[in-house]
Amino acid sequence: MIETQLISVNGRFTEWQCTAYRPITKHRPPQTRTSSLPPSHKNPAGQASPILFSYKFPHLLPPLIPPTVMAYIQRNDLLAPYLALPQGDKVQAEYVWIDGDGGLRSKTTTVSKKVTDIGQLRIWDFDGSSTNQAPGHDSDVYLRPAAIFKDPFRGGDNILVLAETYNNDGTPNRTNHRHHAKKVFDEAKDSEPWFGLEQEYTLFDHDDQPVGWPKGGFPGPQGPYYCGAGTGKVFARDLIEAHYRACLYAGINISGINAEVMPAQWEFQVGPCEGISMGDHLWMARYLLVRIAEQWGIKVSFHPKPLKGDWNGAGCHTNYSTKAMREAGGMKAIEDAIEKLSKRHDEHIAVYGEDNDLRLTGRHETGHISNFSSGVANRGASIRVPRHVAAQGYGYLEDRRPASNIDPYRVTSIIVETTVLNK
């Protein structure tokens, strides 16, 4: 949690952001999770617990800051000239990975020359006891580069490296679901599985208030906000546009954005991507989103039902097709896939997101979590077949069950296991 104060420094006003945290428990037993991203507005066991400090007299801030407080003045304009400095032949490579609670972590290393192949990057390590991925007595966890993207924050030849996590004995870390997914996609490569994911999320300010909502109150009911335009109908469009452009620069296959039904809720779409690249691109798009929101002083929630009441939840609708579905007469393959999905409903729900029961209620454009259903153009069904697909007789299906906090590697791989590998 961040407390922002307007203070004067040498006659210029700036923001002082102040955060404090209680100590973090170094290692916790593995927790059973149904998703990779933890829900927002919860405090998973052992995570840093925020303490808010508010100062009435900002000019007294420095001597009053307790030792546990980390103070930070966010001034991106001060950073700009340093980012413009030449680097010579050296490159900054920021390794990004999924931590033990399903969040995202990163750290940066210097590479001696421009990276043109992933094989040029070294296997690195980090302290897994500080990320809930290893005990303190055996804390090294290893980062194996898996995918490279251009770095929109530093520019130039600098890169972002999506990395898999492995234990000291060479086994994949418990939150490394990419390892299994890669095996699935290698086995099913002849079917050419394509995916397109619709990532919904909600924006909150530093007071945990949805961005744009009136303080201490509520906006008008849902209706004018979906794909809205104009003051009072959409919020934080500048942040969303920045994220869109950053994804395009990075090489992420982002295909669109739109404001969602609930105010302060947005969606971006990634795809089509084939096989393992779907998870790679969505995870890096999420990383860019939370990094950019950090610069705006805004929090991103991937919780499937961040607000109680008559407000839409947040999902990650999964559009899926195989080569057979995309060819003439592919409707038969689509119907066969839906039949197979109906028989493993509970197994899919188990990996379709934590707290998804709060979202899949049969209301707000969802089917009920306990029941499997399908239909043409039916947004209240588990599986929707777009009307134009039914009309032309080939195309794709949309699985509307996955929540916004899914691990895309788990969702995409189980869909292929069910529909192609018949597991």
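Using the numbering used here, you'd call the opening residue of the sequence shown number 61 and step up by one each time. Each residue gets a CB set at the ideal place from its N, CA and C atoms; glycine is no exception.
Query: Excluding the 5 residues flanking C376 on each side, which residues of the same chain have their C-beta closer than 6 Å to its C-beta?; Result: L257, Q259, P462, S464 and I466
Query: Keeping to the same chain, check which residues put their C-beta closer than 7 Å to that of M338; ignore five residues upstream and five downstream.; Result: F255, L257, G331, P468 and T472
Query: Measure the C-alpha to C-alpha separation of Y155 and A345 and round it to an integer number of angstroms.; Result: 14 Å
Query: Determine whether the beta carbon atoms of Y285 and P323 lie at a separation below 8 Å.; Result: yes
Query: Given a cut-off of 8 Å, decide if R404 and T478 are closer than it, judged by their beta-carbon atoms.; Result: yes
Query: Between the stretch 299-317 and the stretch 208-220, can you find at least three pairs of beta-carbon atoms closer than 8 Å?; Result: yes
Query: Where does T191 land, buried or exposed, given buried means 16+ other C-beta within 10 angstroms?; Result: buried
Query: How would you call A310, buried or exposed, if buried means at least 16 neighbouring beta carbons within 10 angstroms?; Result: buried
Query: Identify the continuous alpha helix (DSSP H) that holds P332 and give its terminal residues.; Result: From DSSP, P332 is part of no alpha helix (DSSP H) but of the beta strand (DSSP E) over Q325 to E334.
Query: Span of the alpha helix (DSSP H) holding Q147?; Result: That residue, Q147, is in no alpha helix (DSSP H); it is neither H nor E in DSSP.
Query: Please report the Cβ distance between P253 and T382, rounded to the nearest whole angstrom; I am assuming they are in contact, meaning their Cβ atoms lie under 8 Å.; Result: 6 Å
Query: Would you say N207 and D417 are within 8 Å of each other, going by their C-beta atoms?; Result: Checking the sequence shown, residue 207 turns out to be Ala, not Asn. No, these two residues do not count as a Cβ contact at 8 Å.
Query: Shortest alpha-carbon distance to S430 belongs to which of G277, H408 and V480?; Result: H408
Query: Hey, is the stretch 391-402 in contact with the stretch 437-452, meaning 3+ C-beta pairs nearer than 8 Å?; Result: yes
Query: Does DSSP put Y155 in a helix, a strand or coil?; Result: strand
Query: Could you give the DSSP three-state label for E399: helix, strand or coil?; Result: helix
Query: Is T225 closer than 8 Å to N218 when the C-beta atoms are compared?; Result: no
Query: Taking its Cβ as the centre, do 16 or more other Cβ atoms sit within 10 Å of F278, making it buried, or is it exposed?; Result: exposed
Query: Which ranges does the alpha helix (DSSP H) cover as unbroken runs of at least 4 residues, wholly within the stretch 271-320, from first to last along the chain?; Result: 297-310
Query: Go to G339, then tell me how far its alpha helix (DSSP H) extends in each direction, as first and last residue.; Result: S337 to W356
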